[in-house]
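Asker:
Residue numbers (UniProt numbering): 1 to 134.
1. Check whether the region 98–113 and the region 29–48 touch, using three or more Cβ-Cβ pairs below 8 Å as the test.
2. Using DSSP with H/G/I as helix, E/B as strand and the rest coil, what is residue 128?
3. Decide if residue 41 is buried, meaning its Cβ has at least 16 other Cβ atoms within 10 Å, or exposed.
4. By Cβ distance, which residues of its chain are closer than 7 Å to residue 55, with the 5 residues on each side in sequence left out?
5. If residue 86 sits next to residue 57, beta carbons under 8 Å apart, how far is it from one beta carbon to the other, in whole angstroms?
6. Closer than 7 Å: is that where the CB of residue 72 sits relative to any heavy atom of the ligand NAP?
7. Write down every uninterrupted run of the beta strand (DSSP E) in the region 63–105 whose length is 3 residues or greater and which is fully enclosed by it, in chain order.
8. In this structure, does DSSP put residue 57 in helix, strand or coil?
9. Whose C-beta lies closer than 8 Å to the C-beta of residue 15 among residues of the same chain, with five residues either side of it excluded?
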C-alpha cells in the first residue's frame with residue numbers, strides 16, 4: 001500500500017458491544033463474565049490461566065451442542081466505564097487500582113492463584129456488594 005495525498009473516507013465503530021463466536025460446548029448466561037480462549041472463541045468465565053477477559057454477556061447463549069463459532073454472543077465491553085462483579089472476599093480497599101483475576105463466571109479475586117487464573121482488568125471501585133473492574 002502506498003501513501004495518498006488526498007482525503008479518504010474512513011469507517012468508525014464504537015466497540016462497546018462486540019460479537020464473539022462461542023467455543024464448542026460453551027454456555028454463557030446473561031450478565032456473566034465472558035472470556036476468549038487461546039483459539040479466539042468465547043467461553044464462560046472460569047479459573048484458567050489462558051483466557052482473555054472480554055466483558056459481560058448481553059444474552060444467554062447455549063452452544064453446548066455446537067461447534068466452534070456456531071453461535072455468537074454479544075458482549076458488553078468495559079470500554080469507557082467499569083463493570084461490577086462479585087468479590088470473592090479477598091479484594092479490599094488496599095487493592096484499589098490493582099489487577100482483578102477471573103475466578104468464575106461472576107466472581108473476581110485479588111490473586112492469580114499461583115498462575116491458575118487469568119487477569120481481568122483494573123479494580124476501580126470497591127463496594128460492600130461487589131467490585132468494579134475496567
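Using N, Cα and C, we set each Cβ at its ideal position, and we do this for glycine too. Every value quoted in this text rests on a predicted model; they were computed, and no experiment measured them.
Answerer: Taking the geometry as given:
1. Because the criterion of three Cβ pairs below 8 Å is met, the region 98–113 and the region 29–48 touch.
2. Reduced to three states, the DSSP call for residue 128 is coil.
3. By the neighbour-count criterion, in which a residue is buried when 16 or more other Cβ atoms sit within 10 angstroms of its Cβ, residue 41 is buried.
4. 34, 75, 76, 77, 78 and 83.
5. Going by Cβ atoms, the distance from residue 86 to residue 57 rounds to 15 Å, so no, they are not a contact pair.
6. The ligand content of the structure shown is nil, which means the ligand NAP is not present either.
7. You should have 72–76, 83–87 and 99–102.
8. Strand, per DSSP.
9. Within the same chain, residue 15 has close Cβ partners 77 and 79.
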